[in-house]
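**Q**
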Amino acid sequence: MTATTDRLDTRAVTTAPGRRPRSGPPRTGGWIARRGLLYATLVVLLLVFVFPLLWALSGSFKRRGDIFATPPSLIPNPATGENYTNLLATQPFWAWFGISVGTALIATVVSVFVCAMAGYGFAKFRFRGKRVLFAVMFSSLSVPFAVILVPLFILVVKSGLTNPWFSLVVPWVAPAFGIFMMQQFIVQAIPDELIEAARIDGNSEFGTFRRVVLPLLRPSLGALAVWSFLQSYNSFQWPLVLLSDSSQYTLPLGLNAIFASENRSYDLVLAGAVLASVPTILVFLLLRKQLLDGLTAGAVKG
428 MTATTDRLDT RAVTTAPGRR PRSGPPRTGG WIARRGLLYA TLVVLLLVFV
478 FPLLWALSGS FKRRGDIFAT PPSLIPNPAT GENYTNLLAT QPFWAWFGIS
528 VGTALIATVV SVFVCAMAGY GFAKFRFRGK RVLFAVMFSS LSVPFAVILV
578 PLFILVVKSG LTNPWFSLVV PWVAPAFGIF MMQQFIVQAI PDELIEAARI
628 DGNSEFGTFR RVVLPLLRPS LGALAVWSFL QSYNSFQWPL VLLSDSSQYT
678 LPLGLNAIFA SENRSYDLVL AGAVLASVPT ILVFLLLRKQ LLDGLTAGAV
728 KG
């Protein structure tokens, strides 16, 4: 009877919820110190990235004379919304906003589709000159954008594509980084047998790409979409060379024009910077899952 009771007690102890044995290294003094140092480093890095955003948000609600007041204060006193009112009343901000967001969305959709198709071609097709073409494409990643800025501008002007809704999209149609990213993901995540099975079922090459490849690329497409949107939305050099009409400026160019004026309107610049950050924050919030899945998919598959 005692043996049976002991056996039942032992089973109850081992199956009791919340009684999992502790795994991992023992929590010694050195382990606690290392973990504390890790958390302290993460907090410092978080402050480095977040504090400028908080300061810009705070300054956008301060009067111009209070922005550089001594001692500095993170909380505006008194808080005012005049900076936003003056910005929207004196500058074509919404025109800049519409051009920036619109061209960024167009560039994102086009580049994601083109990069996915090009990456699929490099990953699953055999054709003459494939290695040479891929090497040229990959080596272009090391070329700074400033090197091709003037030739690209001449090409756009000679082609007659001076409309900002076309010309601002041109540099982001087929970025080498996006093609390389798609090629690597397709090689790792999509087996050749799946492609062959789709072809045997009677799918055309584009049908295979649309019905089989694209659904499996969803995580990496989200990551590429975020990257493409930010590249186009935050672009400064290309609009600076291309645009001369202030009503057609993008947001980075428009805010730079305000900052470069004689008055140095820091209050308007800070208000514009806060409003300009809203689309990027929304993109990250909407596509954060796809972004994380896309960034980790290669490591998991590898």
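Position one of the sequence shown corresponds to residue 428 (the working numbering), numbered consecutively onward.
Backbone N, C-alpha and C fix where the C-beta goes; we use that ideal spot for every residue, glycine too.
Flag this pair as yes or no: are the beta carbons of tryptophan 592 and alanine 534 separated by less than 7 Å?
**A** No. Outside cutoff.
**Q** Can the beta-carbon of phenylalanine 612 be found closer than 7 Å to that of serine 655?
**A** no
**Q** Determine contact between the stretch 476-494 and the stretch 615-628, defined as no fewer than three beta-carbon pairs at a distance below 8 Å.
**A** no
**Q** Does the distance from the C-beta atom of glycine 699 to that of leucine 514 stay below 7 Å?
**A** yes
**Q** Pick helix, strand or coil for leucine 719, following the three-state DSSP scheme.
**A** helix
**Q** When the Cα of phenylalanine 540 is compared with those of Val640, Pro479 and Asn630, which residue comes out closest?
**A** Val640
**Q** So for leucine 712, helix, strand or coil by DSSP?
**A** Leucine 712 falls in the helix class under three-state DSSP.
**Q** By the DSSP assignment, the alpha helix (DSSP H) with aspartate 619 in it spans what residues?
**A** 619-627
**Q** According to the neighbour-count rule (16 or more other Cβ atoms, all chains shown, within 10 Å of its Cβ), is alanine 368 buried or exposed?
**A** Because the chain in this structure spans residues 428 to 729, residue 368 falls outside the shown range and cannot be described.
**Q** From what residue to what residue does the alpha helix (DSSP H) around valine 528 run?
**A** 520-551
**Q** With distances taken Cα to Cα, identify the nearest neighbour of leucine 669 among Gly529, Ile526, Val583 and Val710.
**A** For the residues Gly529, Ile526, Val583 and Val710, the minimum Cα distance to leucine 669 belongs to Val583.
**Q** Any idea what DSSP makes of aspartate 694, helix, strand or coil?
**A** Note: aspartate 694 maps to helix in three-state DSSP.
**Q** I'd like to know whether the C-beta atoms of glycine 681 and tryptophan 458 end up nearer to each other than 7 Å.
**A** no
**Q** Could you check if tyrosine 466 is buried or exposed, using at least 16 other CB atoms within 10 Å of its CB as the buried criterion?
**A** exposed
**Q** Out of Asp672, Val653 and Pro679, point me to the one whose CA is closest to glutamine 664's CA.
**A** Pro679
**Q** Classify arginine 645 as helix, strand or coil using the three-state DSSP reduction.
**A** When secondary structure is reduced to three states using DSSP, arginine 645 falls in the helix class.
**Q** By a C-beta neighbour count over all protein chains shown, 10 Å radius and 16 as the cutoff for buried, is valine 696 buried or exposed?
**A** Counting of Cβ neighbours within 10 angstroms places valine 696 among the buried residues, the total reaching 16 or more.
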